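*Asks:*
In full-length UniProt numbering, the protein residues as written are 1 to 621.
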């Protein structure tokens, strides 16, 4: 595919030429005549005036190949299935007709609240087929989190399953949905339920059984939309209040993902690509559902865990059985495997002859995990870095364009389209080796967020206001003399728990709502398995007397209720006070450093050093 440096240079100096060439990989109803529309900067748009349908590009244009589109492998239920492109297209077209019969059309929103089953993919693609906007909500999220997304997206229909299945329990979804809708002003017209035998949902007046609905439906053709029309909304970690709905458009998304799968992951037609994530996260949207199908590859949908379904050889079994060429997952998965099977003895049971590359992202790849995976698998282990907001990698080792030497600790170089710079607090570009804020010079490339759902002002204030002309990633780091980027950690209050970005601010709001709590702080601390875990610190109101263990249980239960089990919040301490600056800001970064074992100096702005000194032994515990 050519030389990286030439491609990167052209993407920045001639974005129109670069991305129009990439757009030739997409079928257009109305082809683009230009790529970048900078007319309303900083609200840049890509391929204005062009029209397409994303579902057509993902399914219909591949139906003549007889290739497998989707493999479903569910050790958690003992189920397996395969779908050719024609079979998947037919299921999607039928469900699109079913949604249309409920009044869903172009621009309407549909919330998808489902586990890792083929119908989750069908629902997403059916929305795309109609020009409707899907918003997938991770099935493990609590009623309050689901409610906030319903209220913001205002869906016409919710598509759900009766339950999700964990190794040790069944999670009933319908009660969560009912409770969430009891909290919202907005009410969807219908809730479509796929009944799973492990937990059959009780149906209400507006609830419709999936099978009953499609039995009378007619297949629906693809509806062309503008390239700049939204394909989906995906909510990401905000602080308290209204969630941040990242918008993804149709045209830029299709072009960027098709280009990225070949250039970054070296995956093309017929290759089996396995992304071990969940459709509720951006990784699942981009690299389980859309990118593999856009290029005519085979995608693998896995309903299971890296360990325990049934053992720490689960990943090796899937790779071997299905001829997986490349696996993309989070470092957490490999830390879990390493913990249970440190010598990778189970690997010897399987033939991984087709396996070529392991891609890891979603959190920092620690050197120990990198070296273990490299040694045991004998294939390149590729760290890469991106965000929900960008939708595809910012920095990577581009295996299909020009594979580069691997430097452990670095996701390698900026991907074409991303003008990555390291800035100081004044917005000046820093020289090689100096650490600062990682920012991306505007415009962002196609496929990234053009705005937040219904809130241009918040888009600007959240991402574009710190440095004029730049998108602020929220991460700090540096670039070395060879142009390799090093991402050192978040600069805001978002932590990364097993690849899931979660707001400590939202957790603090839950703790602060307890009647015994005067003030609180939640920090992310290093964890060898999950990358980071939240730790809570609460100061009691004067005169309150409550057993610490009782309060701890109540606070953990509250976070589990309002944020969800995915937060993995279990550790909370009652403390006499929290260290603050003289202006009243809690010194969370200093607390984080001490908890992670660093010798943090006392900041010059601290109000009372004795408070921090008293807290040090608790933080280090």
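Glycine included, each C-beta is placed from N, C-alpha and C at the ideal position. Here the structure is a predicted model, which is why all the values come from computation and not from measurement.
Using the beta-carbon count (16 or more within 10 Å), is residue 197 buried or exposed?
*Replies:* exposed
*Asks:* Do residue 564 and residue 142 have their CB atoms nearer than 7 Å?
*Replies:* yes
*Asks:* Determine, using beta carbons only, whether residue 444 and residue 471 come nearer to each other than 7 Å.
*Replies:* yes
*Asks:* Is residue 634 near residue 133, with beta carbons less than 7 Å apart?
*Replies:* Nothing can be reported for residue 634, as the shown portion of the chain is limited to 1 through 621.
*Asks:* Whose C-beta lies closer than 7 Å to the C-beta of residue 187 among residues of the same chain, with five residues either side of it excluded?
*Replies:* 181
*Asks:* I'd like to know whether the C-beta atoms of residue 157 and residue 110 end up nearer to each other than 7 Å.
*Replies:* Yes, Cβ-Cβ distance for residue 157 and residue 110 is below 7 Å.
*Asks:* If we call anything under 7 Å between Cβ atoms a contact, is residue 227 one with residue 273?
*Replies:* no
*Asks:* CB-CB under 6 Å to residue 239, same chain, minus the five flanking residues each way: which ones, in chain order?
*Replies:* Only weak support is given to the placement of residue 239: the predicted model assigns it a pLDDT of 49, under 50, and the value that follows is read from those uncertain coordinates. So the list reads 503, 505, once near-sequence residues are dropped.
*Asks:* Are residue 159 and residue 121 close, meaning C-beta to C-beta below 7 Å?
*Replies:* no
*Asks:* Indicate the three-state DSSP secondary structure (helix, strand or coil) for residue 365 in the structure shown.
*Replies:* coil
*Asks:* Roughly how many angstroms lie between the CA atoms of residue 389 and residue 403, to the nearest whole one?
*Replies:* 26 Å
*Asks:* At what residues does the beta strand (DSSP E) containing residue 56 begin and finish?
*Replies:* Premise fails: residue 56 lies in the alpha helix (DSSP H), 54-58, not in any beta strand (DSSP E).
*Asks:* Along the chain, where does the alpha helix (DSSP H) containing residue 174 start, and where does it finish?
*Replies:* 174-181
*Asks:* Is the beta carbon of residue 299 less than 7 Å from the beta carbon of residue 292?
*Replies:* Against a cut-off of 7 Å, the Cβ pair of residue 292 and residue 299 comes out as a contact.
*Asks:* Spatial neighbours of residue 511 within its chain, please: C-beta separation below 8 Å, excluding the five flanking residues on both sides.
*Replies:* 517, 520, 522, 536, 538, 555, 558, 559, 572
*Asks:* Give the straight-line distance between the Cα atoms of residue 531 and residue 569, rounded to the nearest whole angstrom.
*Replies:* 14 Å
*Asks:* Using the Cα positions of residue 37 and residue 88, report the straight-line distance between them to the nearest angstrom.
*Replies:* Distance between the alpha carbons of residue 37 and residue 88: 35 Å.
*Asks:* Please report how far the alpha carbon of residue 232 lies from the alpha carbon of residue 282, in whole angstroms.
*Replies:* 11 Å
*Asks:* Determine the DSSP secondary structure at residue 519, reduced to helix, strand or coil.
*Replies:* In the three-state scheme derived from DSSP, where H, G and I count as helix and E and B as strand, residue 519 is classed as strand.
*Asks:* Taking the straight line between their C-alpha atoms, what separation do you get for residue 544 and residue 618?
*Replies:* 21 Å
*Asks:* Are the Cβ atoms of residue 276 and residue 302 separated by less than 7 Å?
*Replies:* Taking 7 Å as the Cβ cut-off, residue 276 and residue 302 qualify as a contacting pair.
*Asks:* In terms of residues, what are the limits of the alpha helix (DSSP H) holding residue 458?
*Replies:* Counting along the chain, the alpha helix (DSSP H) containing residue 458 begins and ends at 456-459.
*Asks:* Can you tell me whether DSSP reads residue 114 as helix, strand or coil?
*Replies:* coil
*Asks:* Where does residue 222 fall in DSSP's three states?
*Replies:* coil
*Asks:* Tell me which same chain residues have a C-beta within less than 6 Å of the C-beta of residue 361, skipping the five on either side of it?
*Replies:* 384
*Asks:* According to DSSP, is residue 475 part of a helix, a strand, or is it coil?
*Replies:* strand
*Asks:* Excluding the five sequence neighbours on either side, which residues of its own chain have a C-beta within less than 6 Å of the C-beta of residue 580, listed in chain order?
*Replies:* 586, 607
*Asks:* Just to check my reading of the structure: residue 54 and residue 254 have Cβ atoms closer than 8 Å, yes? What is that Cβ distance to the nearest angstrom?
*Replies:* 6 Å
*Asks:* Contact between the region 147-155 and the region 314-329: three or more CB pairs below 8 Å?
*Replies:* no
*Asks:* According to the Cβ coordinates, are residue 423 and residue 467 closer than 7 Å?
*Replies:* yes
*Asks:* Would you kindly work out how many angstroms separate the C-alpha atoms of residue 329 and residue 501, rounded to a whole number?
*Replies:* 15 Å
*Asks:* What does the alpha-carbon distance come out to for the pair residue 410 and residue 23?
*Replies:* Here the alpha carbons of residue 23 and residue 410 stand approximately 30 Å from one another.
*Asks:* Over the uninterrupted alpha helix (DSSP H) stretch that includes residue 507, give me the two end residues.
*Replies:* 504-512
*Asks:* Do you know offhand how far residue 513's Cα is from residue 495's?
*Replies:* Rounded to the nearest angstrom, the two C-alpha atoms are 21 Å apart.
*Asks:* Hey, quick one: how far does the alpha helix (DSSP H) through residue 151 stretch, first residue to last?
*Replies:* 143-153
*Asks:* What's the C-alpha gap between residue 432 and residue 407?
*Replies:* 16 Å
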